[in-house]
Amino acid sequence: MSAIGQVPEPESLVADRNSRANNHAVEATGLTKRFGDFTAVDGVSFTVGRGAIFGFLGPNGAGKTTTIRMLLGLLRPTSGTATVLGFDIVRETAQVKQRIGYMSQRFSLYDDLTVEENLNFYGRTYGVRGRDLRQRKAFVLQMAGLEGRERELTRNLSGGWKQRLALGTAIIHQPEMLFLDEPTAGVDPISRRAFWDLLYDLAEGGTTIMVTTHYMDEAEHCQSLAFIQRGRIVAHGSPAGIKEREMRGQVLEVDCEQPEKAIPALREMGVFDEVALYGALVHAVAPDVEALLARIEAVLREAGVGLHTIDIIAPSLEDVFISSVRRAVEGKE
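Residue numbers (our numbering): 84 to 416.
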């Protein structure tokens with residue numbers, strides 16, 4: 084009951100305040116985006132915990148970037164709702180933009196400016212000036228390992244260093260949440276590893292991070308994940324939880340000399356749910372591969388495949404993703 088002389092708060096304001104106080108940095112419910120007859124994002128629902136690194140995984144064209152652009156307020160949803168840091172992405176876009184940082188697929192840097200000039204430009208764009216800007220630049224340069232490169236033209240930086248600078252420009256205003264859209268695409272493995280170390284440091288400092296990627300190995304670095312395929316969420320949870328809940332059957336890993344011969348031979352057996360190439364190895368999935376080992380070895384010998392090892396292994400996230408996508412597709416047919 085309200086105190087004498089006070090006007091009761093509207094229910095919408097109470098709901099907004101409660102939403103801002105909860106542990107979810109993002110709450111999406113039935114979020115949908117259509118472009119004419121094409122549905123790019125189809126009723127996705129998920130949450131992102133505050134202070135977490137959330138991975139949004141899927142192949143190119145799956146709907147990752149479209150979802151991010153809706154959460155950023157750059158695209159208006161066709162239907163559904165979402166909040167970012169407790170603010171509605173349609174009604175309170177300005178409040179969302181003040182509190183987030185964004186790093187796009189293509190580094191949004193000015194090649195004809197120096198490292199420091201890029202930081203000055205983005206800092207002032209976000210309203211950071213004077214002593215605050217000097218302090219934030221010093222932090223970014225130290226965090227990204229760019230000290231001593233302040234006067235270097237951005238065009239002369241390697242892909243890995245440009246990536247670090249782009250991250251620095253996205254966080255120079257100390258956003259509560261960071262959106263990264265395919266941030267490691269086209270970057271060498273060593274730079275990718277160093278970049279993820281920076282993300283861990285930011286998350287430990289309280290920054291919530293939502294990162295889209297099609298690199299399944301990067302998913303292991305996230306506290307929670309969502310798999311998206313053809314605009315739909317096909318799995319959602321922690322990496323361990325998704326593996327336990329979504330994987331059907333056992334994974335057989337075959338190390339052989341002629342994988343191009345092994346794959347059709349295994350598929351012709353008609354007992355596997357999936358047979359695919361993983362680097363130089365072959366993975367095959369079936370409900371009980373252990374009972375098939377002797378038969379598999381015989382089939383490979385008959386196909387003229389030189390077999391090194393054959394092992395039952397724990398599923399990788401890529402195995403689980405393929406399994407989840409297959410079931411989603413079969414469910415729609």
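Ideal placement from N, C-alpha and C gives every residue a C-beta, glycine not left out.
- Judged by beta-carbon spacing, R276 lies beyond the 7 angstroms limit of T267, meaning their Cβ atoms are not closer than that value.
- By the C-beta criterion, the stretch 319-338 is judged to be in contact with the stretch 301-310, since at least 3 inter-stretch pairs fall below 8 angstroms.
- Using a Cβ distance threshold of 7 angstroms, V408 and V317 count as a contacting pair.
- Relative to I273, the option among R247, S162 and T115 whose CA is nearest is R247.
- Of all C-beta pairs linking the stretch 127-138 to the stretch 187-198, fewer than three are shorter than 8 angstroms, placing the two stretches out of contact.
- For secondary structure counted as the beta strand (DSSP E) over 3 or more consecutive residues, the stretch 99-160 holds these complete runs in sequence order: 107-118, 121-132 and 136-140.
- Each of V354, G332, G113 and R410 was checked against the Cα of S399, and the nearest Cα belongs to G332.
- When DSSP reads this structure, M186 sits in a beta bridge with L263.
- For I325, the enclosing alpha helix (DSSP H) covers residues P322 to E329.
- Relative to the Cα of G141, the nearest Cα in the group R315, A369 and D195 belongs to R315.
- Look at the beta carbons and you see the stretch 212-219 not touching the stretch 287-303: under three pairs across the two are nearer than 8 angstroms.
- Between V365 and V337, the CB-CB gap stays under 7 angstroms.
- Runs of beta strand (DSSP E) with 3 or more residues, each lying fully within the stretch 224-301, are found at 260-264 and 291-296, listed in chain order.
- Here T197 has E233, R234, E235, L236 and T237 as same chain residues with Cβ atoms under 8 angstroms from its own Cβ, once five neighbours each way along the sequence are excluded.
- Assignment of D402 by DSSP, reduced to helix, strand and coil, places it in the helix class.
- Taking C-beta atoms under 8 angstroms as the contact rule, G119 and G163 fail to qualify, at a distance of about 18 angstroms.
- A direct Cα-to-Cα measurement between V358 and L375 gives close to 14 angstroms.
- Residue burial is scored here from C-beta neighbours: E351 has fewer than 16 other C-beta atoms within 10 angstroms and is therefore classed as exposed.
- Beta-carbon to beta-carbon, I254 and F139 are separated by about 19 angstroms, too far to satisfy the 8 angstroms threshold.
- The straight-line gap separating the alpha-carbon atoms of G289 and V211 is approximately 20 angstroms.
- Per DSSP, L383 is not a residue of any beta strand (DSSP E); the alpha helix (DSSP H) it occupies stretches across L376 to E385.
- In the three-state scheme derived from DSSP, where H, G and I count as helix and E and B as strand, A367 is classed as strand.
- Here L360 is exposed, its C-beta having fewer than 16 other C-beta atoms within 10 Å.
- For a cut-off of 8 angstroms, the C-beta gap from K116 to T149 is around 5 angstroms, short enough to register as a contact.
- From the listed residues E230, K344 and Y209, the smallest Cα separation to T252 is found for Y209.
- Annotation: V173 to G184 spans about 18 angstroms, alpha carbon to alpha carbon.
- Take A227, set aside five residues on each side of it, and the residues of its chain with a beta-carbon closer than 6 angstroms to its own are R247 and G251, in chain order.
- The DSSP-derived three-state label of L202 is helix.
- In this chain, the alpha helix (DSSP H) harbouring A348 covers P342 to E351.
- Within its own chain, the residues whose Cβ lies closer than 8 angstroms to the Cβ of D284, once the five positions on either side in sequence are excluded, are M226, listed in chain order.
- With contacts defined as CB atoms closer than 7 angstroms, I393 and V372 fail to qualify as a contacting pair.
- When only Cα atoms are considered, P342 and L390 end up about 10 angstroms apart.
- Considering only V131, S128 and F121, the residue with the shortest C-alpha distance to G144 is F121.
- Burial of T291 is indicated by the presence of at least 16 other C-beta atoms within 10 angstroms of its C-beta.
- Closest in alpha carbon position to S241, among L192, L261, Q257 and L263, is L192.
- Counting other Cβ atoms within 10 Å of its Cβ, P370 stays below 16 and is therefore classed as exposed.
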